[in-house]
Each structure stands twice: as C-alpha cells, then as structure tokens.
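Participant: Mind having a look at this structure? Questions to follow.
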Amino acid sequence: VALAAGDTITDLLGKMKEKALAASDTSLNTASFNALKADFESLRDQITKAATNAKFNGVSIADGTTTKLTFLANADGSGFTVTAKTLSLDGLGLTAASTFTDAATAKTMITTVTSALGTATNKLASLGTNSTGLDTHLTFVGKLQDSLDAGVGNLVDADLAKESAKLQSLQTKQQLGIQALSIANQASSSILSLFR
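Below you can see the structure in the form of structure tokens.
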C-alpha cells in the first residue's frame, strides 16, 4: 500500500513541478497564472490524502504516524522490521502552505519540488527494498512449509506397497505355522495308532 502511495505521490510531485515551471513564465496573464496556482495547490493537497490513506489494517508507514513495523518472521519468534518512510508533505520538505504568488516564487518552488521529488524517490526506493525483503522471506517460508509438509507426510503416511508386502509376509508365516502344527499333530496321531 505504501509503495502505491509513493508512486502516486511521485507522480503528483512531477505534475506540481510542471505547474510551477509553467507559472514561472513572466508572459502569463493573471487568469492563466491563477489556474496554474490552483492546480498546484490541488496537487499538493492530494499528496496529503495519498499519504494519509495508505493504510493496511489501520496502520500506515507513509504518513509519519508509525516509525516501524515488525512482523513475526521465524520459528524462534524473531521478526522482520520494516522502517516507515514519511511521504507526507512534512516528510518531503513541503508544507500545507507551499505555493507560489508570482513568477519568481514559482521558480523557487521548482527547486523545492525537485528536492521533494528526490526525497520521495529515495524513500520509495527504501520501501521497495523492504518490500523485496518481505517477498524473499515469504518465498522462503513457503518453501520451508512445503518441506515440513513433505517430512510430516513421510512420517505419517504409509507406503502402501511396503505395507502390503509386510501383510502378505505375515499371512504366509501364519499359514506355514498352521500347516506345521497340522503336520505335527498328524505325526503324533500316527505314532499313537501304532500303539493300539
């Protein structure tokens, strides 16, 4: 969620830079300048919304309210920590009042927004690294689960061919034992008949 918000925020910053660049043109009439300024301020306000709404289970690592999240990652109880990156206006070096009033302040705002865009890109790269680490660990846990399932299956599930061979062996031994007793009983009967 934070990565999606970060992508949105970098797009918004790029558009803000375009508006400030266009507003720095000294040949603009007042209506055009004011339209660019209004667009710039609207884009700025959308950054706050994007950072604030980037929540999962009520927690955001993009708006500055959380510093880090730790997830249970291993059987020993250790965790995987994701460090939050503030993508709100304050975290990017902007304020809710960041705007321009004339062509000169629009030129200054180009530099400010360019800096904010660099900051956002760096923070987004860090979040991407955390995301890759989580994905890698998730893949590892999946493979570990598959290995454990296979091991338990080998311990619990019977090899039907092997068990069938054991059963036939036991049945054959039982039949041979019965025949041996029968032969032994016949031999003693034959000896007794000689004494009669």
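Read in order, the letters of the sequence shown are residues 5 to 200 in our numbering. Using N, Cα and C, we set each Cβ at its ideal position, and we do this for glycine too. The structure presented is a predicted model; accordingly, all values stated were derived computationally and were not measured.
Determine the DSSP secondary structure at lysine 59, reduced to helix, strand or coil.
Facilitator: Here residue 59 refers to the residue found at position 55 when the sequence shown is read from its first residue. Residue state, collapsed to three classes: coil.
Participant: Find the nearest neighbour of aspartate 29 within the set Phe60, Ala107, Asn126, judged by alpha-carbon distance.
Facilitator: Taking the first residue of the sequence shown as 1, we reach residue 29 at position 25. Minimum Cα distance to aspartate 29 is reached at Ala107.
Participant: On the three-pair Cβ rule with 8 angstroms, is the stretch 54–73 touching the stretch 89–98?
Facilitator: A contact exists between the stretch 54–73 and the stretch 89–98.
Participant: Let me check one thing: in DSSP terms, what residues is glycine 157 bridge-paired to?
Facilitator: Locating residue 157 in the sequence shown gives position 153, where the first residue counts as 1. DSSP lists no partner for glycine 157.
Participant: Considering only DSSP beta bridges, list what threonine 87 is partnered with.
Facilitator: Here residue 87 is taken as the residue at index 83 of the sequence shown, counted from 1. Threonine 87 is bridged to Lys72.
Participant: Mapping DSSP to helix, strand and coil, what is glycine 132?
Facilitator: Within the sequence shown, the letter at position 128 stands for residue 132. DSSP places glycine 132 in helix when its eight states are reduced to three.
Participant: Please list the terminal residues of the continuous alpha helix (DSSP H) segment that includes threonine 14.
Facilitator: The residue given as residue 14 occupies position 10 in the sequence shown. That run of the alpha helix (DSSP H) goes 6–27.
Participant: Within 10 angstroms of the Cβ of leucine 174, are there 16 or more other Cβ atoms? Answer buried if so, exposed if not.
Facilitator: Looking up residue 174 in the sequence shown gives position 170. The residue is exposed, with fewer than 16 neighbouring Cβ atoms inside 10 Å.
Participant: Determine contact between the stretch 52–65 and the stretch 7–24, defined as no fewer than three beta-carbon pairs at a distance below 8 angstroms.
Facilitator: Touching, yes.
Participant: According to the Cβ coordinates, are alanine 27 and leucine 131 closer than 8 angstroms?
Facilitator: Residue numbering aside, residue 27 sits at position 23 when the sequence shown is read from its first letter. Residue numbering aside, residue 131 sits at position 127 when the sequence shown is read from its first letter. The answer is no: Cβ separation not under 8 angstroms.
Participant: According to DSSP, is isoleucine 114 helix, strand or coil?
Facilitator: Taking the first residue of the sequence shown as position 1, residue 114 is located at position 110. Here isoleucine 114 sits in helix by DSSP.
Participant: For phenylalanine 44, I'd like the list of residues in its chain whose CB is within less than 8 angstroms of its CB, leaving aside the five on either flank, ordered along the chain.
Facilitator: Mapped onto the sequence shown, residue 44 falls at position 40. Correct list, in chain order: Met20, Lys23, Ala24, Ala27, Thr103, Phe104, Met113.
Participant: At what residues does the alpha helix (DSSP H) containing aspartate 94 begin and finish?
Facilitator: For the purposes of this step, residue 94 is taken as the residue at position 90 of the sequence shown. From DSSP, the alpha helix (DSSP H) with aspartate 94 extends over 93–96.
Participant: Does alanine 88 pass the burial test, meaning 16 or more other C-beta atoms within 10 Å, or should it be called exposed?
Facilitator: If you number the sequence shown from 1, residue 88 lands on position 84. It counts as buried.
Participant: Straight-line CA distance for serine 151 to alanine 101?
Facilitator: Counted from its first residue, the sequence shown places residue 151 at position 147. Counted from its first residue, the sequence shown places residue 101 at position 97. Distance between the alpha carbons of serine 151 and alanine 101: 56 angstroms.
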